[in-house]
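Residue numbers (the numbering used here): 92 to 421.
By construction, the Cβ of each residue, glycine as well, lies at the ideal position given by its N, Cα and C atoms.
Below is one structure, written out as structure tokens; comments come after it.
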């Protein structure tokens, strides 16, 4: 039996969760392996003290790290086999529990996931977007308030320029950041609390996805998690208490951050110069898509082709790859 179960039950109480986010309420949660599911805090399952969890046999309903409706109640689930260290398991559980909290707070700022599938791989957008992410990172690290505001203004100016060209796709990014950024924010806080690493090292670990231009271009949806996280961290500095009313408003994280820009926003509407690195990044992203299709087509077995007009009832936005007029759902 996993040795972390009792410790998790002790650590995941409302009083401690409120250190990560005010009012953070606990939904049901489960950690599982290939044999068993250890279910906590579910209203349909009673736990007799001193046992704080209910043991179930694993089934396919418990797949991946996510939030599910188990027995009609939001339940955060995490595969314990994916994590060697307690701080990794615990922080991911806090992340998924926050998605459960969003559910009970009736969060509605969700994106149109089809926009993530049709998101354009444009050199100009990639150039601006990576400049934008660099300025966001620098704004977070900068201690001098004047310089911090300069980086923030540059970030906003670059994003506004992108919005003028790909408005609906920018809305998609803003909404992904608003849903996933706070979940990463509480995850970072939980990880930092349990990890032997100092805070600067933890911040550097979480910044990798923000600064990696190749991955952020290849995985647009996931790259918004890190930009959303760093927006949360900046808001913590610039607007203490911003979380208190977060679920009572329609603003995105970007909307909230824009309120802290000055009148000296630089005009970034000049022509965009595409750097050699951006050329490499775009080629990398395209080659990665082509390779995924080639590997799929080279698989052994019978290839079944269904032609005609079809309607997708559901899909996993994290595991779908576009290439020209084709989509690969992995």
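- The C-beta separation of residue 372 from residue 304 comes to about 5 Å, placing the pair in contact by the 8 Å criterion.
- Here residue 211 is exposed: its Cβ has fewer than 16 other Cβ atoms, across all protein chains shown, within 10 Å.
- Here residue 195 is near residue 165, since their CB atoms are less than 8 Å apart.
- Collapsing the DSSP output to three states places residue 205 in a helix.
- Closest by C-alpha distance to residue 217, out of 395, 386, 366 and 333, is 366.
- The criterion of a C-beta distance shorter than 8 Å is not satisfied by residue 111 and residue 122.
- CA-CA distance, residue 241 to residue 352, rounds to 9 Å.
- Separation of residue 327 and residue 105 (C-alpha to C-alpha, rounded to the nearest whole angstrom) is 21 Å.
- Membership of residue 188 in the alpha helix (DSSP H) is indicated by the continuous run 177-195.
- Contact between residue 300 and residue 283 is ruled out by a C-beta separation of about 17 Å, above the 8 Å threshold.
- In this structure, the CA atom of residue 362 is about 32 Å from the CA atom of residue 270.
- Excluding five sequence positions before and after residue 109, the CB atoms of its chain that fall closer than 7 Å to its own CB belong to 115, given in chain order.
- Between the C-alpha atoms of residue 204 and residue 246 there is a straight-line separation of about 24 Å.
- Annotated as proximal: residue 307 and residue 224, with beta-carbon spacing under 8 Å.
- Short of 7 Å from the beta carbon of residue 376, and not among the five residues preceding or following it, lie these beta carbons of its own chain, in chain order: 212, 308 and 309.
- Assigned with DSSP and collapsed to three states, residue 237 falls in helix.
- Counting along the chain, the unbroken alpha helix (DSSP H) around residue 387 starts and ends at 367-388.
- Annotation: the continuous alpha helix (DSSP H) that includes residue 322 extends over 311-329.
- Ranked by how close their Cα comes to the Cα of residue 169, the residues 162, 290 and 191 have 191 in first place.
- Taking 8 Å as the cut-off, the Cβ atoms of residue 219 and residue 249 count as close.
- Ranked by Cα distance from residue 101, the first of 244, 399, 384 and 181 is 181.
- Inter-residue distance for residue 126 and residue 278 is about 26 Å (C-alpha atoms, whole angstroms).
- For the 8 Å CB-CB criterion, residue 96 and residue 174 do not form a contact.
- Residue range 119-123 is occupied by the beta strand (DSSP E) that includes residue 121.
- DSSP places residue 408 within a helical segment (H, G or I) once states are collapsed to three.
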